[in-house]
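Novice: For the sequence shown, the numbering used here gives the first residue as 566, with consecutive numbering after it.
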Amino acid sequence: MHSAETSAPRPRRFTASGPLTGRIRVPGDKSISHRSIMLGALAVGRTRVTGLLEGEDVMSTAAAMRAMGASIERLAHGEWVIDGVGVGGLLQPKQALDMGNSGTSTRLLMGLVASHAITATFIGDASLSKRPMGRVIDPLSQMGADFTSAPGGRLPLTLRGIAPAVPISYRLPVASAQVKSAVLLAGLNTPGVTTVIEPVPTRDHSERILRGFGADLTVEVAADGTRTIRLTGEAELRPQTIEVPGDPSSAAFFVVAALLVPGSDLVIENVGLNPTRAALLGVLRDMGGQIEELDRRDVGGEPVADLRVRHSALTGIAVDPAVVPSMVDEFPVLFVAAALASGRTVTTGLEELRVKESDRITVMRVALEQAGATVTETDDGLIIDGTGGEPLRGTDNAPVATHLDHRIAMSMAVAGLASRAGVDIDDTRPIATSFPVFEALLAKASGQAGEAA
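#1: From what residue to what residue does the beta strand (DSSP E) around Ile882 run?
#2: Out of Asp622, Met603, Ser815, Glu801, which one is the CA nearest neighbour of Arg613?
#3: Assess, as a yes-or-no matter, whether the stretch 953-967 is touched by the stretch 989-1000 under the definition of 3 or more beta carbon pairs within less than 8 Å.
#4: Do you know how far the Cα of Gln743 is from the Cα of Arg672?
#5: As a quick exercise: from Asp970, Ala822, Ser829, Glu867, pick the residue whose alpha carbon is nearest that of Glu772.
#6: Looking at the structure shown, is Thr803 part of a helix, part of a strand, or coil, going by DSSP?
#7: Give the straight-line distance between the Cα atoms of Gly699 and Pro956, rounded to the nearest whole angstrom.
#8: Quick one: complete beta strand (DSSP E) runs, 3+ long, within the stretch 697-784?
#9: Report yes if the CB atom of Glu1043 is closer than 8 Å to the CB atom of Gly665, and no otherwise.
#10: Please name the residue, chosen from Ala980, Ala974, Thr960, that lies closest to Ala986 on a Cα-to-Cα basis.
#11: Applying the 10 Å Cβ sphere with the 16-neighbour rule, what's the burial state of Val898?
#12: Using a Cβ-Cβ cutoff of less than 7 Å, which residues in the same chain neighbour Ala629 once the five nearest sequence positions on both sides are dropped?
#13: Here's the rule I'm using: 16 or more other beta-carbon atoms within 10 Å means buried, otherwise exposed. How should Asn962 be labelled?
#14: Using the rule of at least 16 other Cβ atoms within 10 Å of the residue's Cβ for burial, across every protein chain shown, is Arg972 buried or exposed?
#15: What does the alpha-carbon distance come out to for the pair Ala817 and Phe1003?
#16: Got a sec? Which residues, its chain only, sit under 7 Å from Arg577 by beta carbon, not counting five neighbours each side?
#17: Is Thr626 closer than 8 Å to Glu808 when the C-beta atoms are compared?
#18: Just how far apart, CA to CA, sit Gly908 and Gly583?
#19: With distance defined between alpha-carbon atoms, name the residue in Leu705, Ala682, Ala728, Val591 nearest to Leu831.
#20: Does the stretch 787-806 come into contact with the stretch 750-766, if we say contact requires no fewer than three beta-carbon pairs (one atom in each stretch) closer than 8 Å?
#21: Nearest-angstrom Cα distance between Thr580 and Ala1008?
#22: What are the partner residues of Thr927, as DSSP defines its beta bridges?
#23: In whole angstroms, give me the CA-to-CA distance for Gly777 and His770.
#24: Under the three-state reduction of DSSP, which class applies to Arg588: helix, strand or coil?
#25: Would the stretch 725-741 count as touching the stretch 678-688 if we require 3 or more Cβ pairs under 8 Å?
#26: Assign Gln935 to one of two classes, buried (16 or more other C-beta atoms within 10 Å of its C-beta) or exposed (fewer than that).
#27: State the DSSP-derived secondary structure class of Phe1000, mapped to helix, strand or coil.
#28: In the DSSP output, which residue or residues are listed as bridge partners for Ser663?
#29: Following the continuous alpha helix (DSSP H) through Ala904, name the residue where it begins and the one where it ends.
#30: Find the nearest neighbour of Asn754 within the set Gly709, Pro721, Gly717, judged by alpha-carbon distance.
#31: To the nearest angstrom, how far is the alpha carbon of Glu916 from that of His642?
#32: Contact between the stretch 924-939 and the stretch 648-660: three or more CB pairs below 8 Å?
#33: From Asp863 to Val901, what does the alpha carbon distance come to, in whole angstroms?
#34: Would you mind stating whether Leu796 and Leu775 have Cβ atoms separated by less than 8 Å?
#35: Let's see if you can read the secondary structure: which residues bound the alpha helix (DSSP H) around Arg600?
#36: Would a C-beta distance cut-off of 8 Å place Ala903 and Gly937 closer than the cut-off?
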């Protein structure tokens, strides 16, 4: 399953191609896909999901929910049906839950399990096993769950849940949608009111989908922007029919590619434009990017539109650090856009990028320099002096090291489209964790042989 660890590396050179044109549809949003499966598995009755992202990370979530009693199957036409066990109905898994590369699956499922009287062991691949889980362990321990983990709060980790758990009021010490979601999910099976106080707003998919499934959840926003989220347990969730919107983090690679490749005029259909996720579009527009929203609509509580993106001359800007939480995963591809803009782009407040699948600040600096960009690394970001639209030189010696990080691989693939010699990437396998059809869609949009899967 987690092929990036076991099979041989798949290097590839990405080179300049024709303009990106026509219409494409990117896979479903990863955050909403994870949550659809988890909440469908906790509802009583049958939930139907279309547009689910079928990458390895989401499949890790599905496998874990099956191991705890839910029935989850994919029908021939791509619809998923989930027969849930009810809140409080999770069963003791017979073996360790393998989370693969998915930090989201791990942290959210820790929340779900914490308020059930079951014990679960979480394991993951080499990359996930380096990532700290302490920020979730702290609040869940306050609720009564008990943890044994590898040093530093890392996987492998065994969680002994408790029912009834203790409702807590938890102020997030660091902006993290995963920590917020873990506490709220634990609150589903906890009698009383579980409260999360969020000084800096983060993506709100959990709040939207919890309400959609019928949880009693309220959000209060103070004058200073602090959000207080209250969830009353024990919840009874009602099954839903969900159409997952296209993932804005996946669309980002095609948005930047179309802005950079001359002659491009591309429509990306059904993109989720949740305001806690869509800051990249605002930053690119500030740089001069032509990005138009067509047929804006609401799908399952989430705003959605088709994006029309045309080749644009970009200008460097200082990116406001306040937008970081709502585009934290999009910075690697923004760095590529900045490398081809006119003038200087300055990014700050990106410390969180150092603890992603790789240290995305250093790894992107090294990769972009290798491809011919002018980049300065700071403690909390990059300063990039762009080429003014001139193609990057490309990599003519060693391939770029992606460090098994899917977003580095895809960002540097986009850099290859905007280069003279092309960009060599050491390994394309990690792309499958979030965007298995990336290469096929790229070929389709640029009119090369091969149809999108």
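C-beta: ideal position from N, C-alpha, C; glycine also.
Because the structure is a prediction, the values reported are computed rather than measured.
Specialist: Reading from the atomic positions:
#1: As a first step, residue 882 is located in the sequence shown; it is residue number 317 there, counting from the start. It is not in any beta strand (DSSP E) - Ile882 carries neither H nor E in the DSSP assignment.
#2: Here residue 613 corresponds to residue number 48 of the sequence shown, with the count starting at 1. Considering only alpha carbons, the answer is Met603.
#3: The stretch 989-1000, when compared against the stretch 953-967, does touch it at the 8 Å Cβ threshold.
#4: In the sequence shown, the residue the question calls residue 672 occupies position 107. In the sequence shown, the residue the question calls residue 743 occupies position 178. Computed Cα separation, rounded: 6 Å.
#5: On the sequence shown, residue 772 is found 207 positions in, with the first residue counted as 1. Ranking Asp970, Ala822, Ser829, Glu867 by Cα distance to Glu772 puts Glu867 first.
#6: Within the sequence shown, the letter at position 238 stands for residue 803. Note that residue 803 is Arg in the sequence shown, not Thr. When DSSP states are grouped into helix, strand and coil, Arg803 belongs to the coil group.
#7: Within the sequence shown, the letter at position 134 stands for residue 699. Within the sequence shown, the letter at position 391 stands for residue 956. If you take the alpha carbons of Gly699 and Pro956, they lie about 43 Å apart.
#8: For the stretch 697-784, whole beta strand (DSSP E) runs of length 3 or above, ordered along the chain, are 711-715, 719-725, 734-736, 757-763.
#9: In the structure displayed, the chain extends from 566 to 1018; residue 1043 sits before or after that span and is not available.
#10: In the sequence shown, residue 986 corresponds to position 421, counting from 1. Looking at the Cα atoms, Thr960 is the closest of the given residues.
#11: Residue 898 sits at position 333 when you count from the first residue of the sequence shown. By the C-beta density criterion, Val898 is buried, having at least 16 other C-beta atoms within 10 angstroms.
#12: The residue given as residue 629 occupies position 64 in the sequence shown. Excluding residues up to 5 positions away in sequence, Leu662, Ser670, Leu674 lie with their Cβ nearer than 7 Å to the Cβ of Ala629 in the same chain.
#13: Start at 1 with the first residue of the sequence shown, and residue 962 comes out as number 397. Classification of Asn962: exposed, given that the 10 Å Cβ count is below 16.
#14: The residue given as residue 972 occupies position 407 in the sequence shown. Burial call: buried.
#15: Residue 817 sits at position 252 when you count from the first residue of the sequence shown. Residue 1003 sits at position 438 when you count from the first residue of the sequence shown. Phe1003 has its alpha-carbon roughly 12 Å from the corresponding atom of Ala817.
#16: Taking the first residue of the sequence shown as position 1, residue 577 is located at position 12. Within the same chain, Ile990, Thr993 come within 7 Å of Arg577 by CB-CB distance, once the 5 residues on both sides are set aside.
#17: Residue mapping note: residue 808 aligns to position 243 of the sequence shown, counting from 1. Residue mapping note: residue 626 aligns to position 61 of the sequence shown, counting from 1. No.
#18: Working through the sequence shown from its first residue, we reach residue 908 at position 343. Working through the sequence shown from its first residue, we reach residue 583 at position 18. Whole-angstrom Cα-Cα distance: 26 Å.
#19: Position 266 of the sequence shown, counting from 1, holds the residue named residue 831. In terms of CA proximity to Leu831, Val591 leads the group Leu705, Ala682, Ala728, Val591.
#20: In short, these stretches touch, since the Cβ pair count reaches three.
#21: Reading the sequence shown from its first residue, position 15 is the one you call residue 580. Reading the sequence shown from its first residue, position 443 is the one you call residue 1008. Each residue's Cα considered, the two are about 11 Å apart.
#22: Translated into the one-based positions of the sequence shown, residue 927 becomes position 362. The bridge partners DSSP lists for Thr927 come to none.
#23: Counting from one through the sequence shown, the residue named residue 777 turns up at place 212. Counting from one through the sequence shown, the residue named residue 770 turns up at place 205. About 10 Å.
#24: Within the sequence shown, the letter at position 23 stands for residue 588. Residue state, collapsed to three classes: strand.
#25: The answer is yes - the stretch 678-688 touches the stretch 725-741, with three or more Cβ pairs under 8 Å.
#26: Indexing the sequence shown from 1 puts residue 935 at position 370. In this structure Gln935 is buried. Its beta-carbon is surrounded by 16 or more other beta-carbon atoms within 10 angstroms.
#27: For the purposes of this step, residue 1000 is taken as residue 435 along the sequence shown, with counting starting at 1. Phe1000: coil per DSSP, three-state reduction.
#28: Looking up residue 663 in the sequence shown gives position 98. In the sequence on display, residue 663 carries Asp and not Ser. Asp663 is bridged to Ile688.
#29: As a first step, residue 904 is located in the sequence shown; it is residue number 339 there, counting from the start. Taken as a continuous stretch (DSSP letters only), the alpha helix (DSSP H) holding Ala904 covers 896-904.
#30: Indexing the sequence shown from 1 puts residue 754 at position 189. Comparing Cα positions, the closest option is Gly709.
#31: As a working mapping, residue 916 is identified with position 351 in the sequence shown. As a working mapping, residue 642 is identified with position 77 in the sequence shown. So the alpha carbons of these two residues sit roughly 42 Å apart.
#32: Contact between the stretch 924-939 and the stretch 648-660 is absent, because fewer than three Cβ pairs lie under 8 Å.
#33: Stepping through the sequence shown from its first residue, residue 863 is reached at position 298. Stepping through the sequence shown from its first residue, residue 901 is reached at position 336. The alpha-carbon atoms of Asp863 and Val901 are separated by roughly 31 Å.
#34: Taking the sequence shown and counting its residues from 1, the one referred to as residue 796 is at position 231. Taking the sequence shown and counting its residues from 1, the one referred to as residue 775 is at position 210. Their beta carbons are under 8 Å apart, which means Leu796 touches Leu775 by this criterion.
#35: Position 35 of the sequence shown holds residue 600. Unbroken alpha helix (DSSP H) run through Arg600: 595-607.
#36: Here residue 903 refers to the residue found at position 338 of the sequence shown. Here residue 937 refers to the residue found at position 372 of the sequence shown. Not in contact: Ala903 and Gly937 (Cβ atoms no closer than 8 Å).
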